[in-house]
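Numbers given in this note's numbering equal positions in the sequence shown, counted from 1, plus 419. Backbone N, C-alpha and C fix where the C-beta goes; we use that ideal spot for every residue, glycine too.
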Amino acid sequence: MLIELKNIVKNYDNGGVITKVLRGINLSVDEGEFVAIMGPSGSGKSTLMHTIGFLDRPTTGTYLFEDKNTENFNDDELAKIRNSHIGFVFQSFNLLPRTSVLDNVMLPLLYSSVRANHENRARKALEAVGLGERLSYMSNQISGGQKQRVAIARALVCDPKVIFADEPTGNLDSKSGATVMNILENLNKEGRTIILVTHDKQVALHANRIVTIRDGEIVEDVLVPASERVFSKAVAEEEDESR
Numbered sequence: 420m421l422i423e424l425k426n427i428v429k430n431y432d433n434g435g436v437i438t439k440v441l442r443g444i445n446l447s448v449d450e451g452e453f454v455a456i457m458g459p460s461g462s463g464k465s466t467l468m469h470t471i472g473f474l475d476r477p478t479t480g481t482y483l484f485e486d487k488n489t490e491n492f493n494d495d496e497l498a499k500i501r502n503s504h505i506g507f508v509f510q511s512f513n514l515l516p517r518t519s520v521l522d523n524v525m526l527p528l529l530y531s532s533v534r535a536n537h538e539n540r541a542r543k544a545l546e547a548v549g550l551g552e553r554l555s556y557m558s559n560q561i562s563g564g565q566k567q568r569v570a571i572a573r574a575l576v577c578d579p580k581v582i583f584a585d586e587p588t589g590n591l592d593s594k595s596g597a598t599v600m601n602i603l604e605n606l607n608k609e610g611r612t613i614i615l616v617t618h619d620k621q622v623a624l625h626a627n628r629i630v631t632i633r634d635g636e637i638v639e640d641v642l643v644p645a646s647e648r649v650f651s652k653a654v655a656e657e658e659d660e661s662r
């Protein structure tokens with residue numbers, strides 16, 4: 420089992436006022452799954468992703484990653500897991516402005532155990548998302564769809580086991596969104612585990628399993644029949660998309 424959560428609770432203490440965000444989450448994800456976590460704003464879906472992705476620690480409960488209990492992992496150990504095993508793709512891209520596409524993708528390698536061929540690895544990651552010709556472009560010179568593809572390449576560059584995508588199409592038009600979802604689908608077909616957070620049912624239907632969370636609790640966990648799944652087709656980009 421890649422990921423196993425047992426009765427995960429997450430509370431936030433704001434000056435003595437306790438906000439309960441996750442209320443006893445039990446969830447397992449096998450390696451190679453494509454799971455969508457759905458829920459309305461404030462349901463706790465992003466907090467759940469941050470907890471699974473080691474961006475935040477649970478208040479109580481047990482989190483097993485590759486059958487290892489992460490409760491006693493120190494900050495350095497968690498950072499190592501984040502860098503080597505996990506890739507993140509966020510709605511807002513989180514790219515460094517006025518920095519080249521290539522340098523943005525190489526950034527995670529500076530904090531990794533990889534000591535050589537950083538540029539070559541970054542080039543291959545960008546080629547995998549169809550941006551091999553945009554290496555020298557500044558991140559503020561490319562379109563939103565291309566920025567998200569750079570973010571996916573950055574998530575891939577350390578060869579992670581699981582990619583977390585938090586509303587990856589939220590800031591994109593339908594054409595660019597279809598391209599991004601096609602890339603995620605292909606990565607899953609190659610064996611990569613994808614955990615997608617979204618409030619959009621049509622986006623969630625790209626996954627083969629949908630977990631619905633409401634008020635900090637899982638209210639539904641279902642497999643998506645093949646007949647109901649949505650599959651994207653790569654959409655050719657216009658020559659002037661980067662303008």
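Problem set entry | Same chain only: Cβ atoms within 8 Å of Pro-459, ignoring 5 sequence neighbours per side | So the list reads His-618, Arg-633, once near-sequence residues are dropped.
Exercise. Excluding five sequence neighbours on each side, which residues of the same chain lie with their C-beta closer than 7 Å to the C-beta of Asn-607?
Worked result: Sequence-distant partners of Asn-607 (beyond 5 residues in either direction) whose C-beta falls short of 7 Å from its own C-beta, in its chain, are Phe-453, Ile-613.
For this session: Take Leu-591 and list the residues in its own chain whose beta-carbon comes closer than 8 Å to its own, dropping the five residues that flank it on each side.
Result: Excluding residues within five positions, the ones whose Cβ falls inside 8 Å are Gly-563, Gly-564, Gln-567, Val-599.
For this session: Return the residue from the list Asp-640, Glu-604, Val-638 that minimises the CA-CA distance to Arg-725.
Result: Because the chain in this structure spans residues 420 to 662, residue 725 falls outside the shown range and cannot be described.
Exercise. Assuming Leu-421 contacts Lys-580 under a Cβ cut-off of 8 Å, what Cβ separation, rounded to an integer in Å, is found between them?
Worked result: Confirmed, Cβ separation roughly 7 Å.
Exercise. What residues match up with Thr-631 in a beta bridge as DSSP calls it?
Worked result: Bridge partners of Thr-631: Met-457, Glu-639.
For this session: Look up Gly-434 in the DSSP assignment and say whether it is helix, strand or coil.
Result: Reduced to three states, the DSSP call for Gly-434 is coil.
Problem set entry | Spatial distance of Thr-481 from Leu-528 (CA atoms) | In this structure, the straight-line span from the alpha carbon of Thr-481 to that of Leu-528 is close to 30 Å.
For this session: Taking the CB atoms as reference points, tell me whether Ile-637 and Ile-427 lie closer together than 8 Å.
Result: Cβ distance not < 8 Å, so Ile-637 and Ile-427 don't count as in contact.
For this session: Please name the residue, chosen from Asp-585, Phe-492, Ser-511, Arg-540, that lies closest to Asp-522 on a Cα-to-Cα basis.
Result: Measuring from the Cα of Asp-522, the nearest candidate turns out to be Arg-540.
Exercise. Between which two residues does the alpha helix (DSSP H) carrying Gly-596 extend?
Worked result: Per DSSP, the unbroken alpha helix (DSSP H) holding Gly-596 starts and ends at 593-608.
Exercise. What separation, rounded to the nearest whole angstrom, lies between the Cα atoms of Asn-502 and Ile-437?
Worked result: Cα-Cα distance, rounded: 31 Å.
For this session: Select from Glu-450, Pro-477, His-537, Phe-512 the residue whose C-alpha is nearest the C-alpha of Glu-485.
Result: For Glu-485, the nearest C-alpha among the options comes from Glu-450.
Exercise. Does DSSP put Gly-589 in a helix, in a strand, or in coil?
Worked result: Note: Gly-589 maps to coil in three-state DSSP.
Problem set entry | Beta-carbon proximity of Val-508 to Ala-570, cut-off 8 Å | Contact: yes.
Exercise. Does the Cβ of His-537 lie closer than 7 Å to at least one heavy atom of the ligand SAH?
Worked result: Only the bare structure without any ligand can be found here, which leaves the ligand SAH out of the picture.
For this session: Could you work out which residue in Ser-447, Leu-446, Phe-473, Leu-441 is closest to Gly-461 when comparing CA atoms only?
Result: Distance from the Cα of Gly-461 is smallest, within the candidate group Ser-447, Leu-446, Phe-473, Leu-441, for Leu-441.
Problem set entry | Top-ranked residue by Cα proximity to Ile-629, from Val-641, Gln-621, Gly-635 | Minimum Cα distance to Ile-629 is reached at Val-641.
Exercise. Measuring CA to CA, which of Thr-478, Ala-584, Arg-476, Thr-479 is closest to Ser-511?
Worked result: Ranking the options by Cα distance to Ser-511, first place goes to Ala-584.
For this session: Could you name the residues of the same chain whose beta carbon sits closer than 6 Å to that of Leu-550, not counting the 5 residues immediately before and after it, in chain order?
Result: The residues are Arg-568.
For this session: Over the uninterrupted beta strand (DSSP E) stretch that includes Ile-388, give me the two end residues.
Result: Lying before the first or after the last residue shown, residue 388 is absent from the chain, which here runs from 420 to 662.
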